[in-house]
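Number of protein chains: 6
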Amino acid sequence: MKTALFIGRFQPFHKGHLYAITEILEEVDEIIIGIGSAQHSHTLNNPFNAGERIRMIRESLKEHGIDPSRYFLIPINDINDNRLWVSHVITLSPPFQLVYTNDPLTTQLFNEAQFKVVSLKMHQRELYCATEIRTRMLEGESWEDLVPKKVIEIVREIGGLKRIRNIGTTKLKI
Amino acid sequence: MKTALFIGRFQPFHKGHLYAITEILEEVDEIIIGIGSAQHSHTLNNPFNAGERIRMIRESLKEHGIDPSRYFLIPINDINDNRLWVSHVITLSPPFQLVYTNDPLTTQLFNEAQFKVVSLKMHQRELYCATEIRTRMLEGESWEDLVPKKVIEIVREIGGLKRIRNIGTTKLKI
Amino acid sequence: MKTALFIGRFQPFHKGHLYAITEILEEVDEIIIGIGSAQHSHTLNNPFNAGERIRMIRESLKEHGIDPSRYFLIPINDINDNRLWVSHVITLSPPFQLVYTNDPLTTQLFNEAQFKVVSLKMHQRELYCATEIRTRMLEGESWEDLVPKKVIEIVREIGGLKRIRNIGTTKLKI
Amino acid sequence: MKTALFIGRFQPFHKGHLYAITEILEEVDEIIIGIGSAQHSHTLNNPFNAGERIRMIRESLKEHGIDPSRYFLIPINDINDNRLWVSHVITLSPPFQLVYTNDPLTTQLFNEAQFKVVSLKMHQRELYCATEIRTRMLEGESWEDLVPKKVIEIVREIGGLKRIRNIGTTKLKI
Amino acid sequence: MKTALFIGRFQPFHKGHLYAITEILEEVDEIIIGIGSAQHSHTLNNPFNAGERIRMIRESLKEHGIDPSRYFLIPINDINDNRLWVSHVITLSPPFQLVYTNDPLTTQLFNEAQFKVVSLKMHQRELYCATEIRTRMLEGESWEDLVPKKVIEIVREIGGLKRIRNIGTTKLKI
Amino acid sequence: MKTALFIGRFQPFHKGHLYAITEILEEVDEIIIGIGSAQHSHTLNNPFNAGERIRMIRESLKEHGIDPSRYFLIPINDINDNRLWVSHVITLSPPFQLVYTNDPLTTQLFNEAQFKVVSLKMHQRELYCATEIRTRMLEGESWEDLVPKKVIEIVREIGGLKRIRNIGTTKLKI
Chain A
4 MKTALFIGRF QPFHKGHLYA ITEILEEVDE IIIGIGSAQH SHTLNNPFNA
54 GERIRMIRES LKEHGIDPSR YFLIPINDIN DNRLWVSHVI TLSPPFQLVY
104 TNDPLTTQLF NEAQFKVVSL KMHQRELYCA TEIRTRMLEG ESWEDLVPKK
154 VIEIVREIGG LKRIRNIGTT KLKI
Chain B
4 MKTALFIGRF QPFHKGHLYA ITEILEEVDE IIIGIGSAQH SHTLNNPFNA
54 GERIRMIRES LKEHGIDPSR YFLIPINDIN DNRLWVSHVI TLSPPFQLVY
104 TNDPLTTQLF NEAQFKVVSL KMHQRELYCA TEIRTRMLEG ESWEDLVPKK
154 VIEIVREIGG LKRIRNIGTT KLKI
Chain C
4 MKTALFIGRF QPFHKGHLYA ITEILEEVDE IIIGIGSAQH SHTLNNPFNA
54 GERIRMIRES LKEHGIDPSR YFLIPINDIN DNRLWVSHVI TLSPPFQLVY
104 TNDPLTTQLF NEAQFKVVSL KMHQRELYCA TEIRTRMLEG ESWEDLVPKK
154 VIEIVREIGG LKRIRNIGTT KLKI
Chain D
4 MKTALFIGRF QPFHKGHLYA ITEILEEVDE IIIGIGSAQH SHTLNNPFNA
54 GERIRMIRES LKEHGIDPSR YFLIPINDIN DNRLWVSHVI TLSPPFQLVY
104 TNDPLTTQLF NEAQFKVVSL KMHQRELYCA TEIRTRMLEG ESWEDLVPKK
154 VIEIVREIGG LKRIRNIGTT KLKI
Chain E
4 MKTALFIGRF QPFHKGHLYA ITEILEEVDE IIIGIGSAQH SHTLNNPFNA
54 GERIRMIRES LKEHGIDPSR YFLIPINDIN DNRLWVSHVI TLSPPFQLVY
104 TNDPLTTQLF NEAQFKVVSL KMHQRELYCA TEIRTRMLEG ESWEDLVPKK
154 VIEIVREIGG LKRIRNIGTT KLKI
Chain F
4 MKTALFIGRF QPFHKGHLYA ITEILEEVDE IIIGIGSAQH SHTLNNPFNA
54 GERIRMIRES LKEHGIDPSR YFLIPINDIN DNRLWVSHVI TLSPPFQLVY
104 TNDPLTTQLF NEAQFKVVSL KMHQRELYCA TEIRTRMLEG ESWEDLVPKK
154 VIEIVREIGG LKRIRNIGTT KLKI
């Protein structure tokens, strides 16, 4: 059985992520979806907590008919120590043989640990980009087309837009 | 939709856990299975790492025909700060309304946070007990009847018995 | 009895803080003054350690005749985890019903935890601003008018200006 | 001005602590009351959180007419690193010249840092002992005579006895 | 070039350690001496800080004519996470091919990481044992024969016996 | 005996460091070389792990004929708490009387702790500068003249240039 690791922060989960997962599942039997920076929330780069991101991914994959027996969702805390990060991921996760990523540091670290790293074809990369989506949320522009429907629902339900704007206007003031 | 939280360390996952999950799923729509002390492994109380425990649970539930869309598996790091533990669990997890546990401290902490806590009927509690199973593994007694088949396979595959015995004879010596 | 929380980093304690405390004490019986980022010192944003800030606040309030039985001073460590911050503050502090703040993130976090948050009228906000005061200290401009007299004395006693300038010229060089 | 440090965990604050504080205030101008293990709560050794302990101390001292301008209450987190503990305490606290303690490790650490350490006369040491009080709370025996009245009130208000008993029956079971 | 790792806590460095190092240097070109639990001191199991232990080892090896170009001394912090410990050691240290140890957990962890682990012949194991030496120090018995001369000198210079006895009589009392 | 402390991050070890060590050894008997930010690696500011830096320093000093009995190499973890940093360094290290540094914050912190701090004469400071060297490595310019020969060899052996470039093109993208 072939298992692949796919790591992201999913802030938020968007259509680019969804396409990547679909693509990877054509190549392997199972995919481990690692949710990075799991302990962070309520910052501009990480507005959503791990539980909210788990829901976004799980409900979107369900809506798109992806068989839940083919993926694992694993929240992965940052440990702020690149020396130990690959071991940290390996021991939090069922065994995998491949790593799908376009991130050069992730590539470097898994390569040094002797893993095979595969590049992702990215669909409309500039568009399906979480940084772009968070910026649009912050500035009141349209972002809904870039994410699965379920993500729109969850962001609404938790008051996500208001949260991002409150975070966005916070600076160290007092 | 009714969602319940069920937290354990699953060192290892045993038939008592399996019965509890089956029982809970008769009462609720979805169950969140929280894997506590996720960062620990290779100690007498926590011999298996989180990835190994995820496999034990997932493969056992699959073997017993439990629908993967009805449960979430969430590794939960210890934070060694009871003051913050409930908040830690809540934000790592999709929303839940009920907590199933027989542990008095877990009961106390979730009660103080205004959650409804439900006791588990335990099946042959003395027998289906992870401490008992680890002791048997350490002392070379029979433990296989107490866990699902898939757990036996995984313990073999990872050399779990040898690991436990090596840990068991370790003391601070030098 | 009505108790309010007022959180700041107090780097240093200035007249804006003093006015805010006076103002809040007109509305409530007791005020809990939370000293944020308590573990930090000797950085440009946090030049003073918690003990020094406690002295600044306590001696200034004494000088201005504020009854010590009406306030609590509570140092609050950063935990770098917004998910847990409100629980962290609550358990370090006697109970409170109101939070006074103008900071949008603090507002957001306490609102999500169902607390009532009240805005502060700020007196000459641009002037009574700790960032402005630290900049003046660093650049050798006049800052003494912006803080209570006792703060001037303490900054002198601990060699605070020299400290800030040494920190200010430090970069990662070697 | 002479300032003394007095450190305890105050689990709970009892009459022995109260007598010690009274005694110390006869010798010095101000006392810094350090509340150790501040981040702990809901364990058998540390059942009460820092906020609850602050209330116990503050309200008891008020009831006994101790002038609030003569003491500081400083919560002190454990850092689990004896090498750094004295520096940690010093920087969280206004300056002090004396340390009152009967604890040999505290004595050793402050002596190595060149502080003068003074022994406390303990009043009925076996009786006014937090371990004894927690044991009585756990086992349903009478403990109320050993603590100031305000502590009895607070323990009742927060459901402290039930909490301790729930913690007391918790073991690692599942 | 053949390099070996030898890890201990060296609380204190004793003749058994010295013999082991001599023995290992007959087999390999260089030895990396890892000083475990480096951040601990002033506890019964870890009375000496890392700097004191470095001195004990270095001055003893010098006295016994061991060439300083043939060994490395590396303090190694505990990380309390067995999953990551081998990676932690590897990245703090120059490369090594062999691990000398009699500790079953160390053996297990390095075996799982594909290192060759070699057992040490221990010289009078019951005698040359740090636990035994610390017990003798605590109880005022003779311990000096069990350690190199330089260790006796350093323990005296830092007041080590008084320190151990003060730690030994400390319990959580107040 | 006169012992000096010299702290750097040595990312990488360069000729300026080598000259400084030679210079200091003309004034003192022994030098303690503290390797700061020891737990970091694989970042733009800290590309090399502690083990790699230990090798760079040790092999370069050997090549330049510096007697290994005259220096100590001590990896020093960041603790992100300036309040405690001097105590942290002191207890990880054999005793020293002097600190050689040009860094104003290090100067400030050791001065507050009553140490004598000495400035370094820097040789061609703009050139022998680790930031400059890392920039050249990243941008493919010539850097080899600025470091000892052994450092060139080690950087090659570990694939250091490729590592830095991979880190350099990493941004938070997904």
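Protein chains in written order, with our numbering: chain A, 4 to 177; chain B, 4 to 177; chain C, 4 to 177; chain D, 4 to 177; chain E, 4 to 177; chain F, 4 to 177.
Cβ coordinates follow ideal geometry from the N, Cα and C atoms, glycine included.
Bear in mind that the values here come from a model prediction, so they are computed numbers and not experimental data.
Within chain F, partners of residue i - CB distance below 7 Å
i, result
"Ser-90/D", "Arg-86, Leu-87 and Ser-90"
Chain C residues whose Cβ lies nearer than 7 Å to that of residue i
i, result
"Leu-8/D", "None at all; the shortest Cβ gap to chain C is about 11 Å."
Beta carbon of residue i nearer than 8 Å to that of residue j
i, j, result
"Lys-5/C", "Val-31/C", "yes"
"His-45/C", "Leu-8/F", "no"
"Ala-53/A", "Thr-94/B", "yes"
"Asn-97/A", "Arg-12/B", "According to the sequence displayed, residue 97/A carries Pro and not Asn. Contact flag unset, no."
"Thr-110/D", "Asn-169/E", "yes"
"Leu-241/B", "Leu-87/C", "Here chain B comprises residues numbered 4 to 177, so residue 241/B is not present and cannot be evaluated."
"Ile-161/B", "Glu-55/B", "yes"
"Ile-34/C", "Tyr-74/C", "yes"
"Gly-163/A", "Pro-50/A", "yes"
"Ser-145/C", "Ser-90/B", "no"
"Thr-138/F", "Pro-107/A", "no"
"Leu-141/B", "Ile-157/B", "no"
"Phe-16/C", "Ile-60/C", "yes"
Same chain, Cβ closer than 7 Å to residue i, five either side skipped, listed in chain order
i, result
"Ile-177/B", "Only weak support exists for where Ile-177/B lies, its pLDDT of 36 falling under 50; the coordinates are left without a value."
"Lys-18/B", "Tyr-131, Leu-149, Val-150 and Pro-151"
"Asn-114/C", "Val-120"
"His-20/A", "Gly-11 and Phe-13"
Buried or exposed by the 16-neighbour rule on C-beta atoms within 10 Å, applied to residue i
i, result
"Asn-83/B", "exposed"
"Leu-175/E", "The predicted model places Leu-175/E with a pLDDT of 39, which falls under 50 and marks its position as unreliable; any figure quoted below should be read in that light. Exposed is the call here."
"Gly-39/C", "buried"
"Arg-159/D", "exposed"
"Glu-147/C", "exposed"
"Gln-117/E", "exposed"
"Gly-37/A", "buried"
"Asp-70/A", "exposed"
"Ser-72/C", "exposed"
Under 7 Å by beta carbon: chain D residues contacting residue i
i, result
"Thr-94/F", "Arg-86"
"Thr-172/E", "Pro-107"
"Phe-13/C", "Those within 7 Å of Phe-13/C in chain D number zero; the least Cβ separation is about 14 Å."
"Ala-53/C", "Thr-94 and Leu-95"
Chain-ordered neighbours of residue i on chain A, where CB pairs are closer than 7 Å
i, result
"Ser-72/F", "Here the premise fails: no neighbours, minimum Cβ distance about 30 Å."
"Asn-48/F", "Near Asn-48/F there are no residues of chain A at all, since even the closest Cβ is about 12 Å away, more than 7 Å."
Chain-order list of residues whose beta-carbon lies under 6 Å from that of residue i (same chain, five-residue window excluded)
i, result
"Lys-119/B", "Leu-101"
"Lys-153/C", "Glu-62, Ser-63 and Glu-66"
"Ile-10/A", "Gly-37 and Gly-39"
Beta-carbon neighbours of residue i, restricted to chain E and to distances below 7 Å
i, result
"Asn-169/B", "Pro-107, Leu-108, Thr-110 and Gln-111"
Cβ shell of residue i (< 8 Å), same chain only, five flanking positions each side left out
i, result
"Asp-81/A", "Gly-39, Ser-40, Ala-41, Gln-42 and His-43"
"Glu-26/F", "Leu-123 and Lys-124"
Residue i: contacting residues in chain A (beta-carbon distance under 8 Å)
i, result
"Phe-75/B", "Ile-57, Arg-61 and Leu-76"
Could you tell me which uninterrupted beta strand (DSSP E) segments, each at least 3 residues in length, are contained entirely in the stretch 102-174 of chain E, listed from first to last along the chain? 119-121
Taking only runs that begin and end inside the stretch 73-97 of chain E, name each unbroken alpha helix (DSSP H) of 4 or more residues, in chain order. 85-95
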